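Asks:
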Amino acid sequence: MHKYGLGVILPGTRRLDRWIRQGYVCVADRLPALAQRAGIDPAGLLATVQRTNDYAATGRDPDFHKGDAPVDRFNGDPAHRPNPCLGEIGQPPFVALRILPADAASSSGLPIDADGRVLDRAGRVVVGLYACGNDAASVMRGTYPGPGTTLGPAFVFAWRAALFAARRAASARAHPIEEKP
Ligand SMILES: Cc1cc2nc3c(=O)[nH]c(=O)nc-3n(C[C@H](O)[C@H](O)[C@H](O)COP(=O)(O)OP(=O)(O)OC[C@H]3O[C@@H](n4cnc5c(N)ncnc54)[C@H](O)[C@@H]3O)c2cc1C
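Written out as structure tokens, the structure is:
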């Protein structure tokens, strides 16, 4: 907790009272008590902690593959060995945080061209329809090479689409009869 923080709790935080009061984390000196406070099976927690500690010692995590991907290791602690993403759970007090799965981004969506114009099934431009961000198909084609994979292209294609739409509007004003897609 002090070294890495947890969720919205920043590294260096010493007093957890506020977070315990709000129900954000629960804390206990022993793992069975922690399981009881968190509302989970004590035997299951003990077995999981034991397994996690074995993985921390060997550096291999066959359950979740923590530290296998370069982006995971980049986000880990390079000073921690053998695996920068796996530490031993041994020092009380123990802290539990409830984690719920949610979407971070989308890797598929509407196909677009270099100006953010949406393309139909035949690859033709749908005039006047633009997409970027999660609405557009990812230029990363379903992979996640690293942080910025979604926000970077979202900014770039929003910018390009806005420029294109503005130029098209200006051209339509200047040449009302000749307007093209
Ligand atoms: C915890 C977390 C961490 C992330 N970290 C990173 C990161 O480090 N790097 C990175 O690149 N990406 C990151 N992402 C992903 C990135 O934030 C999203 O992919 C990106 O914000 C998507 O942008 P967007 O504009 O497509 O959609 P959104 O940001 O979701 O914007 C959609 C907007 O539309 C509004 N809206 C929805 N329905 C309606 C409606 N009917 N009428 C009017 N408005 C509506 C919503 O309120 C919202 O404001 C992270 C995401 C999460 C959740």
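Here this note's numbering is used: the first residue of the sequence shown is 11, the next is one more, and so on. All C-beta atoms in this analysis are idealised placements derived from N, C-alpha and C, irrespective of residue type, glycine included. All values derive from a computational prediction rather than experimental measurement.
Can you find the residues in the same chain that come closer than 7 Å, C-beta to C-beta, to I99, ignoring five residues on each side of it along the sequence?
Replies: Excluding sequence neighbours, I99 sits near V59, T62, N63.
Asks: Is N85 near ligand 1, judged by its Cβ being under 7 Å from some heavy atom?
Replies: No, Cβ of N85 sits at least 7 Å from all heavy atoms of ligand 1.
Asks: Can you tell me where the beta strand (DSSP E) holding A38 begins and where it ends?
Replies: Residues 35-38.
Asks: Touching or not, the region 110-123 and the region 25-42, by the rule of three or more beta carbon pairs under 8 Å?
Replies: In short, these stretches do not touch, since the Cβ pair count stays below three.
Asks: Quick one: grab the DSSP three-state call for F104.
Replies: The answer is strand: DSSP assigns F104 an E or B state.
Asks: At the level of alpha carbons, what is the spacing between R127 and R83?
Replies: C-alpha separation (whole angstroms): 37 Å.
Asks: Within this structure, are the beta carbons of F74 and D125 separated by less than 8 Å?
Replies: Not in contact: F74 and D125 (Cβ atoms no closer than 8 Å).
Asks: How is the beta strand (DSSP E) around L129 delimited, first residue to last?
Replies: First-last of the beta strand (DSSP E) with L129: 127-129.
Asks: Under a Cβ-count criterion, where at least 16 other Cβ atoms within 10 Å of its own Cβ denotes burial, should K13 be classed as buried or exposed?
Replies: Classification for K13: exposed.
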